[in-house]
Amino acid sequence: MSIGLDQELLQLGKTLVNQFSILLRTAQIHDVRNVAFEQPFEQFQRTLYALQRQLGDLSLRVERDALFIGEMKLKMDIDTYANFTHVMEELKNHQVGMVTLQESLKADELVKFIHLFATQAVKGGWAFSEFEQQLKRAGVLNIGIEEYRKDEERESLEEATKDRKEMAKRAYAKAFAAVTEVMDNVKVGQTLHLYRARRVVQSMVDQLLQDEAALVGLTTLRCHDEYTHNHTVNVCILAMVLAQRLGYDRNLLSDLGMAALFHDLGKASISHDLLNKPTDFTEEDWKIVRRHPILGVKTIIKLKGPSEAAIRISFGAFEHHLNYDLSGYPRLPRSWDMTMFGRVIGVADCYDALTSSRVYNRVPYSPEKALKFMLAKSGRAFDPLLLKVFVNSIGIFPVGTVVLLESGELGVVMKVSGNIDKADRPTVKVIADPSGNAVDGDLVDLVEQEEKSGTYRNSIVKTIDPSSYGLDVSRYFV
Ligand SMILES: [Fe+2]
Ligand SMILES: [Fe+2]
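Numbers 114 to 591, taken from my numbering, label the letters of the sequence shown in order.
Following this line, the structure appears as structure tokens:
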């Protein structure tokens, strides 16, 4: 398949999902005979035919937190996020894992299918086989559905999680080593070899696309002596997590990852003792520290020459403390159009700095507190839209948050919910029983409901500050 065609199909696939979402919403409000239904139906049909012309029978499949058309994984971006999660949720609610729309499908079958799918009340006790029979009775013979298997998903997910955790750990360690090497080279004025770092970043992009949670979990690692190195790897991960939601492709993600990994390169030119000073910075100290964005640019250009790659990396270094309204540093004499890289890295940088133990505060902020702090500065320090996407992507209870559950147990957030409407229902690992005894508890998906009543099995009551319990949550991720 040519690349052009591939792109075209992906685009059509995305359009189809968007139109399917709109069609379902319309059919939930209006009868399918209503005129309001006509236009979205025709649009959906047109896209469907275009896809079928290329692919034949067309299957739409939901797997974990992703949608597939045939074997193509559809990428979510900021415009499609709501419709994608809506379609995934609807499919899962109907216990449908896959819908196959055959080429021989007639328009009236499609209308009946949409009608049944949109209007059937979805309750805890929905039986998949019942839906299948209803379709048959209605004469819908050219649309096949397959059951969504949650248990299987869970099992394979847990197994896969273990392997991916190992891989994520290796990628993190390699990134850490690459940053250390580059920073050390800067200190002795040696030419920068960035190819190793580039390879590491590319492997992190792969990790991220496979299992974001494993990688994000590692950002809770706090190594106090090597704050800068840990911090830059964390910012690299967080920036890529955010950019992925913006629809960045693999290449752009890895460019951004490089810029993020080296955003604090200027700190290599500042004395280690000053950066790791055990007491607060004086105004003099700050003057020196605030030079690191410019020092970073100088270092990159001096050692790499003004190549395109070097320039892209310099933007991250130069702009990450600028602030959205340019109120930060370095002070600029006139207006400046901040690059997307600079804005994204600014958000990721601040979040990691707040939740780590250095820079702004001695005691690290909990993820929740850090987000609140940042939201209060939305539109001033941060691009409001980016900040919103960031909060959505890392969740209102980000990975690593310690929470008190309704059951009285303590849990630590391991994975945020893929569904934006259920952002308050992540997957947690139980770490203490109701009496406060440490346990190696189960993974609990807080989206789970009781079969009969449809009420949630467990919920988050409030967040707990891990430092007040002397907890180090990073151990759950390594
Ligand atoms: Fe910085
Ligand atoms: Fe930083």
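Built from N, CA and C at the ideal position, the CB exists for glycine as well.
Supposed contact pair residue 379 and residue 663 - C-beta distance, whole angstroms, cut 8 Å: Because the chain in this structure spans residues 114 to 591, residue 663 falls outside the shown range and cannot be described.
Distance between beta carbons of residue 430 and residue 296, contact taken as under 8 Å: One-based indexing of the sequence shown puts residue 296 at position 183. One-based indexing of the sequence shown puts residue 430 at position 317. Contact doesn't hold; Cβ gap of about 13 Å is too wide.
Identity of the residue in 138, 526 and 483 nearest residue 590 by Cα: For the purposes of this step, residue 590 is identified with residue 477 of the sequence shown, where counting begins at 1. It is 526.
Rounded straight-line distance, which links the Cα of residue 288 to that of residue 135: As a first step, residue 135 is located in the sequence shown; it is residue number 22 there, counting from the start. As a first step, residue 288 is located in the sequence shown; it is residue number 175 there, counting from the start. Taking the straight line from one Cα to the other gives about 43 Å.
Segments assigned beta strand (DSSP E), at least 3 residues, entirely inside the region 455-512: Segments of the beta strand (DSSP E) lying fully in the region 455-512: there are none.
Straight-line gap, residue 140 to residue 133 (C-alpha atoms, nearest Å): Translated into positions along the sequence shown, residue 140 becomes position 27. Translated into positions along the sequence shown, residue 133 becomes position 20. The straight-line gap from Cα to Cα measures roughly 10 Å.
Residue 377 CB to nearest heavy atom of ligand 2 below 6 Å: As a first step, residue 377 must be located in the sequence shown, where it is residue number 264. The answer is yes for residue 377.
Check: residue 462 C-beta below 6 Å from any heavy atom of ligand 2: As a position in the sequence shown, residue 462 is number 349, starting the count at 1. Under cutoff, so the answer is yes.
Cβ distance (whole Å) where residue 538 is taken to contact residue 560 below 8 Å: Taking the first residue of the sequence shown as 1, we reach residue 538 at position 425. Taking the first residue of the sequence shown as 1, we reach residue 560 at position 447. With 8 Å as the limit, residue 538 and residue 560 qualify as a contact, their Cβ atoms being about 5 Å apart.
When 241, 199, 243 and 254 are compared against residue 223, the one with the closest alpha-carbon: Along the sequence shown, one-based indexing puts residue 223 at 110. Out of 241, 199, 243 and 254, 254 has the C-alpha closest to the C-alpha of residue 223.
Boundaries of the alpha helix (DSSP H) in which residue 201 is found, first to last residue: Taking the first residue of the sequence shown as 1, we reach residue 201 at position 88. 194-206 is the span of the alpha helix (DSSP H), which, as asked, contains residue 201.
Cut-off 7 Å between Cβ atoms - residues of its own chain near residue 434, not counting five sequence neighbours on either side: Against the sequence shown, residue 434 aligns to sequence position 321. Excluding residues within five positions, the ones whose Cβ falls inside 7 Å are 406, 441 and 442.
Residues near residue 304 by beta carbon distance below 6 Å, same chain, minus five either side: Along the sequence shown, read from residue 1 onward, the residue named residue 304 stands at position 191. If the five residues before and after residue 304 are omitted, its C-beta is found closer than 6 Å to the C-beta atoms of 416, all from its own chain and listed in chain order.
Alpha carbon of residue 473 to alpha carbon of residue 423, nearest angstrom: The residue labelled residue 473 in the question sits at position 360 within the sequence shown. The residue labelled residue 423 in the question sits at position 310 within the sequence shown. Since pLDDT at residue 473 reaches only 45, below the 50 mark, its modelled position is unreliable, and the value read off the structure follows with that caveat. Going by C-alpha positions, residue 473 is about 29 Å away from residue 423.
For residue 584, the three-state DSSP class (helix, strand or coil): Your numbering for residue 584 matches position 471 in the sequence shown. For residue 584, the three-state secondary structure derived from DSSP is coil.
Where residue 387 falls, given that 16 or more other Cβ within 10 Å makes a residue buried: The residue you call residue 387 lines up with position 274 of the sequence shown. Burial call: exposed.
Residue 311 versus residue 179: straight-line alpha-carbon distance, rounded: Mapped onto the sequence shown, residue 311 falls at position 198. Mapped onto the sequence shown, residue 179 falls at position 66. Using only the alpha carbons, I get a separation of about 27 Å.
Status (buried if at least 16 other CB within 10 Å, exposed otherwise) for residue 286: In the sequence shown, residue 286 corresponds to position 173, counting from 1. When all chains shown are included, residue 286 counts as exposed.
Which residues DSSP lists as bridging residue 175, in chain order: Mapped onto the sequence shown, residue 175 falls at position 62. Residue 175 is bridged by DSSP to 180.
Chain C contact for residue 311 (CB, 7 Å cutoff): The structure shown contains no chain C, having only a single protein chain.
Validate contact between the region 365-375 and the region 388-404 using beta carbons, cut 8 Å, 3 pairs: These segments do not touch.
Segments of 3+ residues assigned as beta strand (DSSP E) that fall wholly inside the region 512-575: Listed in chain order, the complete beta strand (DSSP E) runs (minimum 3 residues) inside the region 512-575 are 515-518, 523-528, 540-545 and 556-558.
Assigned secondary structure, residue 451 (DSSP; H/G/I helix, E/B strand, else coil): For the purposes of this step, residue 451 is taken as the residue at position 338 of the sequence shown. In the structure shown, residue 451 sits in coil (DSSP, three-state: anything other than H, G, I, E or B).
Alpha-carbon spacing of residue 414 relative to residue 519, whole angstroms: Taking the first residue of the sequence shown as position 1, residue 414 is located at position 301. Taking the first residue of the sequence shown as position 1, residue 519 is located at position 406. Using only the alpha carbons, I get a separation of about 55 Å.
Euclidean distance between Cα positions of residue 262 and residue 210: Taking the first residue of the sequence shown as position 1, residue 262 is located at position 149. Taking the first residue of the sequence shown as position 1, residue 210 is located at position 97. Their Cα atoms are separated by approximately 7 Å.
Residue range of the unbroken alpha helix (DSSP H) whose run includes residue 259: As a first step, residue 259 is located in the sequence shown; it is residue number 146 there, counting from the start. Unbroken run through residue 259 is the beta strand (DSSP E), 256-260; no alpha helix (DSSP H).
Alpha helix (DSSP H) segment containing residue 232, residue limits: In the sequence shown, residue 232 corresponds to position 119, counting from 1. Residue 232 -> alpha helix (DSSP H) spans 220-232.
Segment contact, 8 Å Cβ cut-off, at least three pairs: the region 547-556 with the region 478-493: Contact fails: fewer than three Cβ-Cβ distances are below 8 Å.
From 260, 536, 276 and 506, residue whose alpha carbon lies closest to that of residue 327: Indexing the sequence shown from 1 puts residue 327 at position 214. Taking the Cα of residue 327 as reference, the smallest distance to any Cα among 260, 536, 276 and 506 is reached at 276.
Per-residue DSSP class, three states only, for residue 188: Walking along the sequence shown from the start, residue 188 turns up at place 75. Looking at residue 188 - three-state DSSP - the assignment turns out to be coil, as it is neither helix nor strand.
Cβ-Cβ distance between residue 457 and residue 356 below 7 Å: Numbered from 1 along the sequence shown, position 344 holds the residue referred to as residue 457. Numbered from 1 along the sequence shown, position 243 holds the residue referred to as residue 356. Contact: yes.
Pairwise C-alpha distance: residue 316 and residue 329: Start at 1 with the first residue of the sequence shown, and residue 329 comes out as number 216. Start at 1 with the first residue of the sequence shown, and residue 316 comes out as number 203. When rounded, the distance between both Cα atoms is 14 Å.
Proximity of residue 345 and residue 292 at Cβ, strictly below 7 Å: Position 232 of the sequence shown holds residue 345. Position 179 of the sequence shown holds residue 292. When the beta-carbon positions are compared, residue 345 and residue 292 come within less than 7 Å of each other.
Backbone secondary structure at residue 337 - three-state DSSP: Within the sequence shown, numbered from 1, the residue matching residue 337 stands at position 224. Only weak support exists for where residue 337 lies, its pLDDT of 49 falling under 50; the value from the coordinates is given anyway. DSSP, reduced to helix, strand and coil, places residue 337 outside both helices and strands of the structure shown, so it counts as coil.
Beta-carbon gap between residue 543 and residue 531 smaller than 7 Å: Here residue 543 corresponds to residue number 430 of the sequence shown, with the count starting at 1. Here residue 531 corresponds to residue number 418 of the sequence shown, with the count starting at 1. Not closer than 7 Å, so no.
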